[in-house]
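Protein sequence lines, in the order shown, are assigned to chains X and Y. Going by this note's numbering, the residue at position 96 of the first sequence is 92; the numbering climbs one at a time, nothing skipped. Take any residue in the second sequence, note its place counting from 1, add 1126, and you have its number in this note's numbering.
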Amino acid sequence: MMKELKKAQKILNKEVQLYFKKELQYRNLIIVRTISDIVKIVAISFVWLMASKSTNNISQGYIVTYYILATFMGRLMSDYTVYQGPQDIISGNFSKFIVKPFNYLIEYLGVNIGFNSIRFILSLPAFIFGIFLVGNYWVLEFNPYNIFVSLIAIILGFTINFLLGNIFTLGAFFTKQMDGIRTFYFNIASFFSGEYIPLIFMSFNMRFASEILPFRYTLSFPMELLIGKIEDVDVERGFVISIIWIVVLFVSYKLLYKKSLKKYEAEGI
Amino acid sequence: MKQKEYKRGIKYYINVWRTILRNSFKSYNIYKLDVVIRIMRTIFVVVVQFALLQVIFGKEDAFVGWSKDQAYLVTGIWNLLNYCGWAFFGVNLLRLDQTVLNGNFDFIILKPLSSAFLASFNDFFISNFITAISGVILVGYYFVVEWSTLEIWNVLVWVLTMICAFVVWYSIHLAGSSYTLRNPRNGYLDLIKEVLGVTKYPTDIFGDSIQFVFYTFFPLAFLTSIPANILIGRISISWVLGSIVLAIISLFLANLLWKMNVRYYSSSGG
């Protein structure tokens, strides 16, 4: 068992390194992505600062901090498999994963860790610029306890997103056109994760739905923990629901994968 | 590689595009589920944007000088430009990266018509076009609510400014993606997406100095804010002249950049 884990760890490290090497070939891309993040943060800051000033019914600091954090922390928990996975299955590239002597999830995990790390590092200048831009409206105080619990929630959030992404990918075994489904999935996930609208602005029923569904734990929950505006009971409940979802999604993935693989047509061979 | 110039009339290009459109409809006929999902997504987009604007406005009736109905109009115009853009040329230009990297751009250059046209319009994405209905719904809502205050002349001029805005939208994409021919995977289209995302909101939120930039040196205001203001009847119709001039200049510059960058294209793959 330990030997297997060590082997998986070695492959994972190699995959992350490979991804870094591949991405670092395109230096221009790195600079342009950093500028893109700055543009996004500037736009968000202006909109919400103005919204808070003109309406006066939103805690200015909370809302501005929330959106800047969402742009930044979202980078750590995003899942790349939903783009690459269906493409691999539809084009027949998935065949190479079947014959490899290790689970293909390790390869996807490596790509995701590499992708998220690069995107996270690239968004750092935009994040610092955002804090500078909003000045006094930045309400987050870096408290070690909040950072610690938030880090755990980030790991759980990424795991949930990764499993959701891989379950979604299995759909490509059944239909060859996944673009529309993927975009719709993204919209639903982003809405319930609190990316579009903070959950505190949702009605009671919508908030309840977002607490039950897994999406909140892939963005909003870790941010709520970091900002510290959450009751202790809600913290515990949040972690319990996250873990339950990981178990449910993992079991579902295992069952669905077995069924889906029988549908694989290995196009292009 | 310098491309040979092909002189073809507009009728020829319309015929080519009609064939592309026909083929696109045929391929979407196979994926009916995708169309149904896109319709559901369109409704979802409208609901989310509606909710987002409710949050931005809170209990107030106006936001930086814009009423709720007017804000729906700006968002609707943005949806129309954005999703029509994706349907007509956005996805094609986004995929140019892959076309260049695997050497398939050779086939585009070799065809007897403009490479900029073929690279931009080689496929039509009905699914994105369906999502553009969200724009029609939001703009339509404004028309219904403000029907009594609308003037026919403003509506006609608004249509003209919308066409100009769409030409500018296309020109920005064409100019950005032309650098893909010289240097693939440069991320310019990602940057353009973020910059154009700014126009989802009225330019008034950015304060006087940035707003001045958006009306002059970096005329993003001509994409959504000016068309909306023209329909509302808040600004003089002379701005339409500015829209037309901007559309012509931007299209000319984008074509110039495309032709310049095609020369730096070197074939790969094979």
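Just so it is clear, CB atoms sit at the ideal spot from N, CA and C, and this is done for glycine as well.
| Own chain, CB closer than 8 Å to X:Phe246, minus 5 neighbours either side, in chain order | Leu159
| query | Taking the C-alpha atoms as reference points, what is the distance between Y:Ile1119 and X:Leu252? | reply | Residue 1119 of chain Y is absent from the model: chain Y starts at 1127 and stops at 1396.
| Reduced DSSP category for Y:Ala1258 - H, G, I as helix; E, B as strand; rest coil | coil
| request: Answer with yes or no whether the minimum CB distance from X:Arg233 to chain Y is below 8 Å. | output: no
| Residues in its own chain within less than 6 Å of Y:Trp1365 by CB, not counting five upstream and five downstream? | Ile1352
| field | Cβ neighbour criterion (16 or more within 10 Å) applied to X:Gln5 | value | exposed
| request: Using beta-carbon positions only, say whether Y:Ser1297 and Y:Leu1239 come within less than 8 Å of one another. | output: no
| field | Endpoints, alpha helix (DSSP H) assigned at Y:Phe1106 | value | There is no way to answer for residue 1106 of chain Y, as the model of chain Y reaches only from 1127 to 1396.
| query | Closer than 8 Å, CB to CB, is X:Ala39 near chain Y or not? | reply | yes
| query | Between the region 168 to 183 of chain X and chain Y, which residues of the former have a C-beta closer than 8 Å to a C-beta of the latter? | reply | Thr171, Lys172, Gln173, Asp175, Gly176, Ile177, Thr179, Phe180 and Asn183
| query | If you follow the alpha helix (DSSP H) that Y:Ala1213 is part of, which residue opens it and which one closes it? | reply | From DSSP, Y:Ala1213 is part of no alpha helix (DSSP H); its letter is neither H nor E.
| said: So for Y:Phe1189, helix, strand or coil by DSSP? | reply: strand
| query | For the candidate residues X:Leu118, X:Gln80, X:Tyr63 and X:Thr214, whose alpha-carbon lies nearest to that of X:Ile127? | reply | X:Tyr63
| field | Close Cβ partners of X:Leu20 (< 8 Å) along its chain, the five nearest in sequence each way excluded | value | Ile26
| Whose C-beta lies closer than 6 Å to the C-beta of X:Phe217 among residues of the same chain, with five residues either side of it excluded? | Ala149 and Gly234
| field | Neighbourhood of X:Ala168 by C-beta distance below 6 Å, restricted to the same chain and skipping five residues each side | value | Pro82, Ile85, Ile86 and Met174
| Going by C-alpha distance, which of X:Tyr100, X:Phe68 and X:Gln56 is nearest X:Glu11? | X:Tyr100
| said: I believe Y:Asp1223 touches Y:Thr1350 by the beta-carbon criterion, under 8 Å. Please report the beta-carbon distance rounded to the nearest angstrom. | reply: Going by Cβ atoms, the distance from Y:Asp1223 to Y:Thr1350 rounds to 27 Å, so no, they are not a contact pair.
| query | From the beta carbon of Y:Asn1309, is the nearest beta carbon of chain X less than 8 Å away? | reply | yes
| query | Rounded to a whole number of angstroms, what is the C-alpha to C-alpha distance between Y:Asn1387 and Y:Ser1304? | reply | 6 Å
| field | C-alpha distance - Y:Ile1156 paired with X:Ile177, whole-angstrom precision | value | 15 Å
| request: Starting from the N-terminal side, write out each stretch of the alpha helix (DSSP H) that is 4 residues or longer and does not extend beyond the region 1144 to 1209 of chain Y. | output: 1158 to 1183
| query | So what's X:Gln173 in DSSP terms, helix, strand or just coil? | reply | coil
| request: State yes or no: is the beta carbon of Y:Ala1380 nearer than 8 Å to at least one beta carbon in chain X? | output: no
| Top-ranked residue by Cα proximity to X:Ile143, from X:Phe125, X:Met69 and X:Val130 | X:Met69
| task | May I have the straight-line CA-CA distance separating X:Ile151 from X:Ile163, to the nearest angstrom? | result | 18 Å
| said: DSSP three-state label for Y:Leu1220, please. | reply: helix
| field | Inter-residue spacing [alpha-carbon to alpha-carbon] between Y:Phe1151 and Y:Ile1375 | value | 33 Å
| request: For X:Gly119, I'd like the list of residues in its chain whose CB is within less than 6 Å of its CB, leaving aside the five on either flank, ordered along the chain. | output: Per the sequence shown, the amino acid found at residue 119 of chain X is Ser instead of Gly. Excluding sequence neighbours, X:Ser119 sits near Asp33, Phe68 and Arg71.
| message | Could you compute how far the alpha carbon of Y:Val1162 sits from the alpha carbon of Y:Glu1272? | response | 31 Å
| Does the count of Cβ pairs from the region 1256 to 1270 of chain Y and the region 1193 to 1205 of chain Y closer than 8 Å reach three? | yes
| message | For the region 1182 to 1215 of chain Y, list every residue whose C-beta sits within 7 Å of some C-beta in chain X, in sequence order. | response | Ile1182, Phe1183, Gly1184, Lys1185, Glu1186, Phe1189 and Val1190
| task | Taking Y:Val1171 and Y:Thr1257 to be in contact with their CB atoms under 8 Å, please state how far apart those CB atoms are, rounded to whole angstroms. | result | 6 Å
| query | If you measure from the beta carbon of X:Asn24 to each beta carbon in chain Y, is any gap under 8 Å? | reply | yes
| request: Taking C-beta pairs closer than 8 Å, name the residues in chain X that Y:Val1171 reaches, listed in chain order. | output: Asn183
| request: State the CB to CB distance for the pair Y:Leu1220 and Y:Leu1315, rounded to an integer number of angstroms; the pair is presumed to be in contact (CB under 8 Å). | output: 6 Å
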